[in-house]
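K.L.:
Shown below is the structure under consideration.
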Amino acid sequence: MAIDKITSAAITDSAVTSGKIASGVLPINFRNLLINGDMSLAQRAASKASISSGNTTHTCDQWKTYISSAGTWTQTQEALTSGEAYEDGFVNSLKMDCTTANGSLSSGSYLIIAQSIEAQFCTTIKKGTSGAEQLTVSFWVKSTKTGTNIVQFVNLDNTIRICAKSYTINSSDTWEKKTLTIPADTSSTGKIANDNGEGLRMLFWVAAGTDYTSGTLATTWADSANANRAVGQINNADSTSNNFEITGVQLETGTAASDFEFLPPDMNLRRCQRYFQHHIKNPNEAYTGGFRSATSVQVGVQMFEQMRGQPSATYQGLNCHDLADGQNLDASAISFGAVGGSFESAVWCIVTCASGGSAGDVSILYGKDTEGTGILGFYMDASF
Amino acid sequence: MDRNFLNVVKFYYNGVATGYNLEEDGKKKFFPISNDNKDYVDLQKWIADGGTVVDNPPE
Numbered sequence: 045m046a047i048d049k050i051t052s053a054a055i056t057d058s059a060v061t062s063g064k065i066a067s068g069v070l071p072i073n074f075r076n077l078l079i080n081g082d083m084s085l086a087q088r089a090a091s092k093a094s095i096s097s098g099n100t101t102h103t104c105d106q107w108k109t110y111i112s113s114a115g116t117w118t119q120t121q122e123a124l125t126s127g128e129a130y131e132d133g134f135v136n137s138l139k140m141d142c143t144t145a146n147g148s149l150s151s152g153s154y155l156i157i158a159q160s161i162e163a164q165f166c167t168t169i170k171k172g173t174s175g176a177e178q179l180t181v182s183f184w185v186k187s188t189k190t191g192t193n194i195v196q197f198v199n200l201d202n203t204i205r206i207c208a209k210s211y212t213i214n215s216s217d218t219w220e221k222k223t224l225t226i227p228a229d230t231s232s233t234g235k236i237a238n239d240n241g242e243g244l245r246m247l248f249w250v251a252a253g254t255d256y257t258s259g260t261l262a263t264t265w266a267d268s269a270n271a272n273r274a275v276g277q278i279n280n281a282d283s284t285s286n287n288f289e290i291t292g293v294q295l296e297t298g299t300a301a302s303d304f305e306f307l308p309p310d311m312n313l314r315r316c317q318r319y320f321q322h323h324i325k326n327p328n329e330a331y332t333g334g335f336r337s338a339t340s341v342q343v344g345v346q347m348f349e350q351m352r353g354q355p356s357a358t359y360q361g362l363n364c365h366d367l368a369d370g371q372n373l374d375a376s377a378i379s380f381g382a383v384g385g386s387f388e389s390a391v392w393c394i395v396t397c398a399s400g401g402s403a404g405d406v407s408i409l410y411g412k413d414t415e416g417t418g419i420l421g422f423y424m425d426a427s428f
Numbered sequence: 085m086d087r088n089f090l091n092v093v094k095f096y097y098n099g100v101a102t103g104y105n106l107e108e109d110g111k112k113k114f115f116p117i118s119n120d121n122k123d124y125v126d127l128q129k130w131i132a133d134g135g136t137v138v139d140n141p142p143e
């Protein structure tokens, strides 16, 4: 039988063994289901202006912006130097700055900042089983406009189900720490597959039209109904004075929020590179290959990290150097050839370049600012 | 959201189609043929809606 009147000082260190520590007392590693919750990595860009439509990751890795008819915004990976979030250890945030207001949202308007979690990383939630876990999300938020905002969850596998919680911005332009607990979903229709697809998505609503606010907020898991997703959400898009800023977002199992789990920058980069990689980002970075013909070079590219699935490539600022005769030929297209039938770990890049190479010559594919954009290389994108 | 693709060309490697070269928002891109890839899925919708693809299969 446990005795409850022994003081800590009376227990020798050697008597404290792992078997005496109850499950859940010590925080587990990688407990944050989200990646880059501290907004410390932005491989694509640190700033993006004129965001008014689309579903795209603009700055901070893993954080996607969904927007339609909800004003125009500039998004930045903000460097923090003061404030309560900074004092809590966060040096970056994701900031939305409204540059064109929309004070009269249409019924279908929305502005959402969201992260999708790969399904096979959601197994610890046990969603859709009798042992399903509650979830707790904690985050820092700073917003110009006070009032109610919504955090919403949705599973994309099987029956699409949603759950949402509201929180209140109490003070304008002041960092506030919020903690919300999401109930367990024991309905078998809400199971998440054990695969590389999109399992769970967490959404910060910033603005919502009546299509998403006219019902009753789904505070317990329920089959998806648009009208129940963002009930009570204020319109943060109604003034160009408005900013909306978040950081320190952690989603974990259980009913209590633990301290944010800061990952070393190199580990955070590797986790993000499962979804997005930037190859040849500097002029001195290169891959070696060979000319297949006067206008075609073949280069083997090893991914920095195995990607979630076959990536898309976006490319610019590349040049093919012919080692034999010293020619430098601008690259105009990159395509993939199969290595073992898939592209998650490595690809043959087939580079089309200006004419001048000789079949069989060794080639170096390197970064050169041929378009004058200051951006070199190619992005590999296997995000959701 | 509808995406606006330009100059979409199907790419063949050693006689096997592996993806599409195209332009979007002034950027050159390559989408692999994979249903796990969101861009490929969007491209298939674009094609289904009447988008034109240049397809010169190898002889």
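Taken in order, these protein sequences are the chains called A and B. The working numbering numbers the first residue of the first sequence as 45 and each following residue consecutively. The working numbering numbers the first residue of the second sequence as 85 and each following residue consecutively. Ideal Cβ placement from N, Cα and C applies to all residues, glycine included.
#1: May I ask you to list, following chain order, the residues of the region 350–365 of chain A that have a beta carbon less than 8 Å from some beta carbon of chain B?
#2: Which runs of the alpha helix (DSSP H) fall wholly inside the region 361–397 of chain A and span at least 4 residues, in chain order?
#3: Tell me whether the region 163–174 of chain A and the region 269–279 of chain A touch, counting them as touching only if at least three CB pairs, one residue from each stretch, are closer than 8 Å.
#4: Taking any Cβ of chain B, which residues in the region 376–393 of chain A have a Cβ under 7 Å from it, in chain order?
#5: By a C-beta neighbour count over all protein chains shown, 10 Å radius and 16 as the cutoff for buried, is Asp57 (chain A) buried or exposed?
#6: So, helix, strand or coil for Asn136 (chain A), using DSSP?
#7: How big is the Cα-Cα spacing for Pro309 (chain A) and Lys49 (chain A)?
#8: Find the nearest neighbour of Asn88 (chain B) within the set A:Thr284, A:Gly98 and A:Ala93, judged by alpha-carbon distance.
#9: Go through its chain and collect everything with a Cβ distance to Thr358 (chain A)'s Cβ below 6 Å, but skip five positions before and after it.
#10: Is Gly253 (chain A) closer than 8 Å to Ser187 (chain A) when the C-beta atoms are compared?
#11: For Arg88 (chain A), which three-state DSSP category applies?
#12: Between the alpha carbons of Gly134 (chain B) and Lys113 (chain B), how many angstroms are there, rounded?
#13: For Leu78 (chain A), tell me which candidate among A:Ser126, A:Lys171 and A:Phe183 has the shortest Cα-Cα distance.
#14: When the cut-off is 8 Å and only beta carbons count, does Gly99 (chain B) lie next to chain A?
#15: Counting C-beta neighbours from all protein chains within 10 Å, is the total for Thr103 (chain A) 16 or more, i.e. buried, or is it exposed?
#16: With three or more C-beta pairs closer than 8 Å as the rule, is the region 333–352 of chain A touching the region 197–204 of chain A?
#17: I'd like to know whether the C-beta of Asp123 (chain B) is nearer than 8 Å to at least one C-beta of chain A.
P.N.:
Inspection of the coordinates gives the following:
#1: Arg352, Gly353, Gln354, Pro355, Ser356, Ala357, Thr358, Tyr359 and Gln360
#2: none
#3: no
#4: Ala377, Ile378, Ser379, Phe380, Gly381, Ala382 and Phe387
#5: Here the question's residue 57 (chain A) lines up with position 13 in the first sequence. With fewer than 16 Cβ atoms within 10 Å of its Cβ, Asp57 (chain A) is classed as exposed.
#6: The residue labelled residue 136 (chain A) in the question sits at position 92 within the first sequence. In the structure shown, Asn136 (chain A) sits in a strand (DSSP, three-state: E or B).
#7: Within the first sequence, numbered from 1, the residue matching residue 309 (chain A) stands at position 265. Within the first sequence, numbered from 1, the residue matching residue 49 (chain A) stands at position 5. Going by the C-alpha atoms only, they are around 44 Å apart.
#8: Numbered from 1 along the second sequence, position 4 holds the residue referred to as residue 88 (chain B). With distances taken between Cα atoms, Asn88 (chain B) lies closest to A:Gly98.
#9: For the purposes of this step, residue 358 (chain A) is taken as the residue at position 314 of the first sequence. Counting only Cβ-Cβ distances below 6 Å, and skipping sequence neighbours, we find Tyr423.
#10: Within the first sequence, the letter at position 143 stands for residue 187 (chain A). Within the first sequence, the letter at position 209 stands for residue 253 (chain A). No, these two residues do not count as a Cβ contact at 8 Å.
#11: On the first sequence, residue 88 (chain A) is found 44 positions in, with the first residue counted as 1. Arg88 (chain A) falls in the coil class under three-state DSSP.
#12: To locate residue 134 (chain B), count along the second sequence from 1; it is residue 50. To locate residue 113 (chain B), count along the second sequence from 1; it is residue 29. C-alpha separation (whole angstroms): 20 Å.
#13: Within the first sequence, residue 78 (chain A) is the residue found at index 34, counting from 1. Out of A:Ser126, A:Lys171 and A:Phe183, A:Phe183 has the C-alpha closest to the C-alpha of Leu78 (chain A).
#14: Translated into positions along the second sequence, residue 99 (chain B) becomes position 15. Gly99 (chain B) does not count as touching chain A.
#15: Counted from its first residue, the first sequence places residue 103 (chain A) at position 59. Classification for Thr103 (chain A): buried.
#16: no
#17: The residue you call residue 123 (chain B) lines up with position 39 of the second sequence. True, the Cβ-Cβ gap to chain A drops below 8 Å.
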